[in-house]
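Okay, structure first, notes after.
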Amino acid sequence: MSDCISLSDQPVDPTLARRLIELTQAGLPLVDDPWAWLAARLNMTPEEALLLLKQLQANGLIRRIAAVPNHYRLGYRHNGMTVWDVDDARIDELGHSIGSLPYVSHCYQRPRREGWPYNLFAMVHGLDATDIEHYRYSISAMLGDACRAHEMLVSTRILKKTGLRLPPPASC
Numbered sequence: 001m002s003d004c005i006s007l008s009d010q011p012v013d014p015t016l017a018r019r020l021i022e023l024t025q026a027g028l029p030l031v032d033d034p035w036a037w038l039a040a041r042l043n044m045t046p047e048e049a050l051l052l053l054k055q056l057q058a059n060g061l062i063r064r065i066a067a068v069p070n071h072y073r074l075g076y077r078h079n080g081m082t083v084w085d086v087d088d089a090r091i092d093e094l095g096h097s098i099g100s101l102p103y104v105s106h107c108y109q110r111p112r113r114e115g116w117p118y119n120l121f122a123m124v125h126g127l128d129a130t131d132i133e134h135y136r137y138s139i140s141a142m143l144g145d146a147c148r149a150h151e152m153l154v155s156t157r158i159l160k161k162t163g164l165r166l167p168p169p170a171s172c
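Each residue of the sequence shown is one higher than the one before, starting from 1 at the first, in the numbering used here.
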């Protein structure tokens, strides 16, 4: 299939979409071929299952398909959300650079608010507190004079993170 074909105008069977979300809302299993696993449960080919996911994404029903490692179980127990007041004219360029760093799990732009001047957010993970402070200063050096201010909000507890969870279908 060509990447030039628009998927957003193709209708998706709502029953099939719900079944796919129910099967994936707790994550895909750790198997050799998760698309084949999903396809078998949806009575379709792996290619059709992947196409269905892409259609749901193109239609705005799901935002992304991504691996979400448990960094705590990997030993990364220190985390900090670094926040930056970055020159708007350079935020795209700098955001991409910061987001590609190996110790940054996610990086995104947010609008400034009254009393909160920060528009670039980057979550850093380290084995100890020294690591995340070092990462903060490395990012500061990368941003240079495009950054007017910054802070780091350090995690004090683990919050349960989940994606979309559908309620069970209503019974008659």
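Virtual Cβ for every residue (Gly too), placed ideally from N, Cα, C.
Exercise. Starting from Y137 and walking both ways along the alpha helix (DSSP H), at which residues does that stretch end?
Worked result: For Y137, the enclosing alpha helix (DSSP H) has its first and last residue at A129 to L143.
For this session: Inspect the beta-carbon positions of I21 and L166 and report whether they are closer than 9 Å.
Result: The Cβ atoms of I21 and L166 lie closer than 9 Å to each other.
For this session: Classify R110 as buried or exposed, calling it buried when 16 or more other Cβ atoms lie within 10 Å of its own Cβ.
Result: Around the C-beta of R110, fewer than 16 other C-beta atoms lie within 10 Å, and the residue is accordingly described as exposed.
For this session: Grab me the residues of S155's own chain with a C-beta within less than 6 Å of its C-beta, minus the 5 sequence neighbours each way, in chain order.
Result: For S155, the CB contacts under 6 Å within the same chain, skipping 5 residues up- and downstream, are N79 in chain order.
Problem set entry | the stretch 47 to 61 in contact with the stretch 125 to 140 per 3-pair CB rule at 8 Å | In the pairwise beta carbon analysis, the stretch 47 to 61 is classified as not touching the stretch 125 to 140: fewer than three pairs are separated by under 8 Å.
Problem set entry | Any alpha helix (DSSP H) of 4 or more consecutive residues that is wholly inside the stretch 26 to 95 | Qualifying alpha helix (DSSP H) stretches, in chain order: 34 to 42 and 46 to 58.
Exercise. Is the CB-CB distance between D145 and Y103 below 9 Å?
Worked result: No, the Cβ-Cβ distance between D145 and Y103 is not below 9 Å.
Exercise. Which one of A49, V12, Y118 and D92 has the shortest CA to CA distance from M81?
Worked result: It is Y118.
Exercise. By Cβ distance, which residues of its chain are closer than 7 Å to Y76, with the 5 residues on each side in sequence left out?
Worked result: Same-chain partners within the cutoff: H125, G126 and L127.
Exercise. How many whole angstroms separate the CB atoms of V83 and L143, which I take to be in contact at a CB cut-off of 8 Å?
Worked result: Cβ atoms of V83 and L143 stay farther apart than 8 Å, at about 12 Å.
Problem set entry | For R19, the first and last residue of its enclosing alpha helix (DSSP H) | Start and end: P14 to T24.
Exercise. On the premise that D33 lies in contact with P46, defined as a C-beta separation below 8 Å, what is that separation, rounded to the nearest angstrom?
Worked result: About 7 Å separates the CB atoms of P46 and D33; that is less than 8 Å, so the two are in contact.
For this session: Measure the beta-carbon distance from G99 to C107 and round it to whole angstroms, keeping in mind my assumption that it falls under 8 Å.
Result: Confirmed, about 4 Å.
Exercise. Where do the ends of the beta strand (DSSP E) carrying A149 lie?
Worked result: For A149, the uninterrupted beta strand (DSSP E) run begins and ends at C147 to V154, by DSSP.
Problem set entry | Inter-residue CB distance, L52 and L16 (contact presumed, cutoff 8 Å) | Sure, about 7 Å apart at Cβ, within 8 Å.
Problem set entry | Burial state of H96 (16 or more Cβ within 10 Å) | Around the beta carbon of H96, fewer than 16 other beta carbons sit within 10 angstroms, so the residue counts as exposed.
Problem set entry | Cutoff 7 Å; reference W35; Cβ partners in own chain excluding five residues on either side | Shown here for W35: same chain residues with a beta carbon closer than 7 Å to its own, the five before and five after excluded, namely P46, A49 and L50 in chain order.
Exercise. Going by the beta-carbon positions, is the gap between L42 and L28 smaller than 9 Å?
Worked result: It is not a contact, given that the beta carbons lie outside the stated cut-off.
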